[in-house]
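**Q** Position 6 (the sequence shown) corresponds to 75 in the numbering used here; numbering is contiguous.
By construction, the Cβ of each residue, glycine as well, lies at the ideal position given by its N, Cα and C atoms.
The model shown is predicted, which means the values in this text are computed figures rather than measured ones.
Before anything else, here's the structure in question.
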Amino acid sequence: MSGEKELQKLLQSMKPELNQGEFVFCKMEEVGTVNLEEIEMLFREKEAVTLILKKETADKLKLEYSVIMSWITLTVHSSLEAVGLTAAFSTALSEKGISCNVVAAFYHDHIFIAKKDADKAMEVLNTFSN
70 MSGEKELQKL LQSMKPELNQ GEFVFCKMEE VGTVNLEEIE MLFREKEAVT LILKKETADK
130 LKLEYSVIMS WITLTVHSSL EAVGLTAAFS TALSEKGISC NVVAAFYHDH IFIAKKDADK
190 AMEVLNTFSN
């Protein structure tokens with residue numbers, strides 16, 4: 070199953086879900102010291118490995134981070150080939166002054182926003198399905 074591609078269907082059925090917890094972006098040269106089970110997401114860049122972790126995991130590992138984030142999952146199964154979904158919700162969020170960091174995975178899109186903006190972001194995202 071490859072997921073939904075039609076933008077209107079995606080927007081109307083996004084069903085954003087606010088995940089419990091506080092999350093942070095950290096960087097490391099190598100992830101060998103981190104238990105894979107403690108990593109929410111990982112991306113290897115030329116400069117370093119970016120880890121998205123629960124704040125308490127980063128604190129336990131004494132890793133630096135700059136902002137505490139909330140994590141919203143769009144529960145609709147979007148296709149990796151879908152066009153316009155990220156542009157639509159990121160524009161709506163930016164119009165309300167909310168910065169978003171987006172990660173697309175196989176089944177869902179994941180949005181990381183500053184913790185202080187979580188409730189406002191959920192309101193904005195829920196307007197698409199009304």
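I'd like to know whether the C-beta of Lys189 is nearer than 8 Å to at least one C-beta of chain D.
**A** Absence of chain D from the displayed structure is noted, only one protein chain being present.
**Q** For Ser159 versus Glu73, is the C-beta distance shorter than 8 Å?
**A** Within the sequence shown, the letter at position 90 stands for residue 159. Within the sequence shown, the letter at position 4 stands for residue 73. No. Outside cutoff.
**Q** Take the Cβ of Val152 as the centre, count every other Cβ of all protein chains shown within 10 Å, and call the residue buried at 16 or more, exposed below.
**A** Indexing the sequence shown from 1 puts residue 152 at position 83. Classification for Val152: exposed.
**Q** Quick check on the DSSP output: what are the complete beta strand (DSSP E) runs of length 3 or more inside the region 169-195, in order along the chain?
**A** 170-173, 178-183
**Q** Would you tell me roughly how many angstroms separate the C-alpha atoms of Leu105 and Leu132, rounded to the nearest one?
**A** Position 36 of the sequence shown, counted from the first residue, corresponds to residue 105. Position 63 of the sequence shown, counted from the first residue, corresponds to residue 132. So the two alpha carbons sit approximately 16 Å from each other.
**Q** DSSP three-state label for Lys78, please.
**A** Locating residue 78 in the sequence shown gives position 9, where the first residue counts as 1. Looking at Lys78 - three-state DSSP - the assignment turns out to be helix.
**Q** With a Cβ-Cβ cutoff of 8 Å, do Val100 and Leu122 count as a contact?
**A** The residue labelled residue 100 in the question sits at position 31 within the sequence shown. The residue labelled residue 122 in the question sits at position 53 within the sequence shown. Contact flag unset, no.
**Q** Buried or exposed: which applies to Asp178, given that a residue is buried once 16 or more other Cβ atoms fall within 10 Å of its Cβ?
**A** Taking the sequence shown and counting its residues from 1, the one referred to as residue 178 is at position 109. Counting Cβ neighbours within 10 Å, Asp178 comes out buried, since at least 16 surround it.
**Q** Under 8 Å, do Ile141 and Glu86 count as touching if we go by C-beta distance?
**A** Position 72 of the sequence shown holds residue 141. Position 17 of the sequence shown holds residue 86. Yes. Within cutoff.
**Q** Suppose the cutoff is 8 Å on Cβ atoms and the five residues either side in sequence are ignored; what does the same chain contact list for Ile167 look like?
**A** Working through the sequence shown from its first residue, we reach residue 167 at position 98. If we look at Ile167 and ignore the five residues flanking it on each side, its Cβ neighbours are Ile182, Ala183, Asp186, Lys189, Ala190, Val193.
**Q** Select from Thr155, Leu76, Cys95, Ala127 the residue whose C-alpha is nearest the C-alpha of Glu116.
**A** One-based indexing of the sequence shown puts residue 116 at position 47. Checking every option, the nearest Cα to that of Glu116 belongs to Cys95.
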